[in-house]
Amino acid sequence: MAFQSLSLRLTAHDSLFLTPASISISPVTGKIVAIVATVLPKTSFPSTATYINYGSKLLIPGLVDAHVHLNEPGRTEWEGFNTGTRAAASGGVTTVVDMPLNAIPPTTTLAGFNEKLAASRGQCWVDVGFYGGVIPGNADELLPLVEAGVRGFKGFLIESGVDEFPAISSTDIAQAMKTLNGTPTTLMFHAEMIPPITDSVGDAVQVSEPPLAPTGNLKEYQTFLDSRPPAFETYAIEEIISLAHLATNLHLHIVHLSATQAIPILKEARSRGVNITAETCFHYLGLASEGVEDGDCRYKCCPPIREQLNQDGLWEELQADDSCIKTVVSDHSPCTPELKLLPSHLQAMTTRPHMRHADSGVDMRADLDLSPRAPAPSSVGDFFAAWGGISSVGLGLPILHSSAKKRAAAGHKSTPSIVDIVRLCSQATAKQVGLSHRKGALKIGMDADICVFDDAEEWVLQSHGMHWKNRCSPWEGHRFTGRVKETWLRGHKVFEHGGANAGFIGMSPTGEAIVEKRVA
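Its first residue numbered 1, the sequence shown is counted upward by one per residue in UniProt numbering.
The structure is reproduced here in structure tokens:
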């Protein structure tokens, strides 16, 4: 099988460049078998070969989304392997890595991991890797999970909102660092902590009088934003760095970095040799607090979407030499629409049964009536009562490409090219999870994971165009430049925009669980 188009290739020195190319793939092995830096005619190939000329469309490596919540087993009203990976495939994402919480049980034990693997079988439209979780008391489970093939570990420095995934203390962090030091894995942190009021105020006072309790209208986004200031992130990151001497041979990573105030802290630590990186998310780069309508809780996430000036700083860091932000991910964290407590004029077309939430900034641990219900009038539009999390898996490529074009048109210098986007969302994310030998690049011997991207097509996201389970997202109504036309997974086309069956190819999914032991 041979593809002809402009292609983003990876050289032997891991440099990306855009060039006309002919790419030959083997549907039998699922690998790329040849690349020639020119467009060859059909006559250059055997008569039995399938020959496709994509013209001006771009062929890029399938994206590797290294931060996705699929929520199965246990909370499948929010999402599941089938729907979440379908959405990924529709956006050129050929590998997702599933977070350890929001499923029941969480991936904090080997037994829990095996339950998740069993639930995934036969359901995945793309390949799926898995993270383990770090919680108090599970240090003995970490190395067995490494042996079983998890790609890394995540822990919370602030309450996650569910009993089965409690926050970790400095003691827990230290124990995890010591346990994993020297292991080919990544230790990741949801880096928010409530700073102490003063050094002299006791814990009891701080619990009874939270230093940043909301003081304004709970339906105004600014009130919510003020309640989770940058100090939450900087304080947590400083705590992690203070312990990094315990794990000098371990990759540390900050998930969903929002506050630019943390960037100099991370860069200073890196200059001292601390092996720490960060990721940011599509919503922090494409949305700003100034554009959030009061009561529109679709925009709620933790850490929060901050001001335009903060967003500009994130873009600038992405383009900086030796940026501390190495990857961009979705943090796809869906919920049922009613958990967003939307006013009637903002409610999505599709509704789902009420469910509990984990990574939200809301404590939902109390027993709840799980039957469908409308929100109480007093809670409609309440950013503090609504669930936090943004659905966007499969939208990352058009979000970043469109945002970069808009920034360029506005005269900004920090405007990543398509080459930069592939580096951030394919090459570097594959490296983050130890899959650079298979994923994230168009190179001979790599998995034939290919995204066909029309970088000029303009379109608007409507509710019916969302492929995840619950059609509720702040991206609804946004206009994008650039659309994924096809997605190929290991040499087989799994999605074609505009095709039958909503574009999904085949009667059953062909994605695989990635359980090979990580070696790098």
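Note that the Cβ used here is the ideal one computed from N, Cα and C, for glycine as well.
C-alpha gap between residue i and residue j, whole angstroms
| i | j | result |
| --- | --- | --- |
| residue 97 | residue 147 | 17 Å |
| residue 320 | residue 326 | 11 Å |
| residue 352 | residue 249 | The predicted position of residue 352 is uncertain, since its pLDDT is 45 and thus under 50; no value can be drawn from it. |
| residue 56 | residue 452 | 10 Å |
| residue 145 | residue 425 | 25 Å |
| residue 432 | residue 438 | 13 Å |
| residue 417 | residue 21 | 19 Å |
| residue 232 | residue 474 | 24 Å |
| residue 179 | residue 187 | 11 Å |
| residue 456 | residue 480 | 9 Å |
| residue 63 | residue 450 | 8 Å |
| residue 304 | residue 225 | 6 Å |
| residue 395 | residue 27 | 27 Å |
| residue 116 | residue 38 | 44 Å |
| residue 522 | residue 471 | The structure shown has nothing for residue 522, since the chain only spans 1 to 520. |
| residue 406 | residue 292 | 19 Å |
Rounded distance between the beta-carbons of residue j and residue i, thought under 8 Å
| i | j | result |
| --- | --- | --- |
| residue 85 | residue 125 | 4 Å |
| residue 414 | residue 315 | 4 Å |
| residue 467 | residue 483 | The pair is not a contact, with the Cβ atoms about 14 Å apart (cut-off 8 Å). |
| residue 102 | residue 121 | The Cβ separation is near 19 Å, so there is no contact. |
| residue 277 | residue 256 | About 13 Å; that fails the 8 Å criterion. |
| residue 546 | residue 132 | Since the first residue of the chain shown is 1 and the last is 520, residue 546 is not available in this structure. |
| residue 23 | residue 2 | 7 Å |
| residue 173 | residue 243 | 6 Å |
| residue 99 | residue 68 | 7 Å |
| residue 138 | residue 109 | 7 Å |
| residue 77 | residue 487 | Rounded, the Cβ-Cβ distance is 26 Å, inconsistent with contact. |
| residue 301 | residue 390 | 5 Å |
| residue 429 | residue 65 | 7 Å |
Under the three-state DSSP convention, the category residue i falls into
| i | result |
| --- | --- |
| residue 188 | strand |
| residue 487 | strand |
| residue 115 | helix |
| residue 171 | helix |
| residue 493 | strand |
| residue 82 | helix |
| residue 95 | strand |
| residue 424 | helix |
| residue 481 | strand |
| residue 418 | helix |
| residue 179 | helix |
| residue 464 | helix |
| residue 144 | helix |
| residue 509 | coil |
| residue 458 | strand |
| residue 206 | The pLDDT assigned to residue 206 is 42, lower than 50, so where the model puts this residue is not dependable, and the model offers no usable value. |
| residue 76 | coil |
| residue 20 | strand |
| residue 402 | helix |
| residue 120 | helix |
| residue 131 | coil |
| residue 451 | strand |
| residue 90 | helix |
| residue 411 | coil |
| residue 291 | helix |
| residue 525 | Because the chain spans 1 through 520 in this model, residue 525 falls outside it and cannot be assessed. |
| residue 56 | strand |
| residue 517 | coil |
| residue 397 | helix |
| residue 31 | strand |
| residue 154 | strand |
| residue 160 | coil |
Cβ-based burial, residue i [other Cβ within 10 Å; buried from 16]
| i | result |
| --- | --- |
| residue 191 | buried |
| residue 181 | exposed |
| residue 140 | exposed |
| residue 322 | exposed |
| residue 517 | exposed |
| residue 444 | exposed |
| residue 536 | Absent from the structure is residue 536, since the part of the chain shown begins at 1 and ends at 520. |
| residue 259 | buried |
| residue 143 | exposed |
| residue 328 | buried |
| residue 87 | buried |
| residue 107 | buried |
| residue 290 | exposed |
| residue 317 | buried |
| residue 333 | buried |
| residue 309 | exposed |
Check: residue i C-beta below 7 Å from any heavy atom of the ligand GDP
| i | result |
| --- | --- |
| residue 47 | Ligands in the displayed structure: none, and consequently the ligand GDP is not present. |
Q: Could I get the ranges of all uninterrupted beta strand (DSSP E) runs contained in the stretch 309 to 356, with 3 residues as the minimum, in chain order?
A: 325 to 329
Q.
Report the start-end ranges of each alpha helix (DSSP H) in the stretch 215 to 285 that is 4 residues or longer and not cut off at the edges.
A. 221 to 227, 230 to 243, 263 to 271
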